[in-house]
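Contents: one structure, followed by commentary.
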Amino acid sequence: MTTDLMELHPTSILSHAGPELRCVICRTAFEFRRGEAALVLRHVAYGYDFVHDGACLAAANEALFVEPGYDCAAFCRDPERRRVLGVEAAEGWMAVLANTSVPVGAAQQLRFDPLHCWVLMEHQDGSLLMEGLVRDEEWIDEPGGCEFPEAVRGQHTHLTYTSATGRPRHPNSRAA
Ligand SMILES: [Zn+2]
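Going by numbering that gives the first Met the number 0, 76 is the number at position 77 of the sequence shown; the sequence numbering is gapless.
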């Protein structure tokens, strides 16, 4: 993509500059429009990541997490989320999470995580759901650098999504 091309075809370039997911093994962006799917992996110590079926999945299964206290397989398939079938831009959208350790009656503490994109997720039961994906810039190239706010457990729990621009929620996302 050159500067000349961008000047000639600004809209067509923009339409191709949407969010993308890359395979954690071969680092190629998934081509969802050509029917590719991104299998969902869970990192043993961090968050989620994505991989092509076949050789990339085999390589991911061989990957080790060599760290004190671990020294084991880095990834496993997620028991709940099967694969991503598409992505959509989520500019201005944030996941709203509540701190669950706040005592009952105290003011609720909310956390707002900006979404990297929306993903069309196929779950293990075959259901399809649009859900937000959070990917910190700091962890963008690290294995397991993705988080699904709806999967967050422990000190925080997912409440809903909100848009800084006041747009209605994504039509296909789960009701709050
Ligand atoms: Zn791959």
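Ideal placement from N, C-alpha and C gives every residue a C-beta, glycine not left out.
| Asked | Found |
| --- | --- |
| Any non-hydrogen atom of ligand 1 closer than 7 angstroms to Cys25 Cβ | yes |
| Sequence-distant residues of the same chain with beta carbon closer than 8 angstroms to Phe49, five excluded per side | Leu20, Arg21, Cys22, Val23, Phe29, Ala37, Leu38, Val39, Leu40, Val83, Cys145 |
| Rounded separation between Ala105 and Ala94 - CA only | 22 angstroms |
| Assigned exposure category for Pro127 - 16 Cβ within 10 Å defines buried | First, the residue type needs correcting, since residue 127 is Leu and not Pro in the sequence shown. That one is exposed. |
| The stretch 97-113 in contact with the stretch 149-163 per 3-pair CB rule at 8 angstroms | yes |
| Coil, strand or helix - Cys25 by DSSP | coil |
| Run of the alpha helix (DSSP H) containing Glu61, from where it starts to where it stops | 54-61 |
| Thr10 to Gly17 span [Cα, whole Å] | Any reading at Thr10 is ruled out, since the residue's pLDDT is 43, under 50, leaving its predicted position unreliable. |
| Per-residue burial, Cys116 [other beta carbons within 10 Å of its own, 16 or more giving buried] | buried |
| Distance between Arg33 and Leu232 (C-alpha atoms, nearest Å) | No answer is possible for residue 232: the residues shown for the chain start at 0 and end at 175. |
| Gly125 versus Pro78 - alpha carbon distance | 13 angstroms |
| Distance between Glu66 and Arg81 (C-alpha atoms, nearest Å) | 27 angstroms |
| Backbone secondary structure at Pro78 - three-state DSSP | coil |
| Any non-hydrogen atom of ligand 1 within 7 angstroms of Cys145 CB | no |
| Distance, Val103 Cα to His51 Cα | 45 angstroms |
| Start-to-end residues for the beta strand (DSSP E) that takes in Ala37 | 37-42 |
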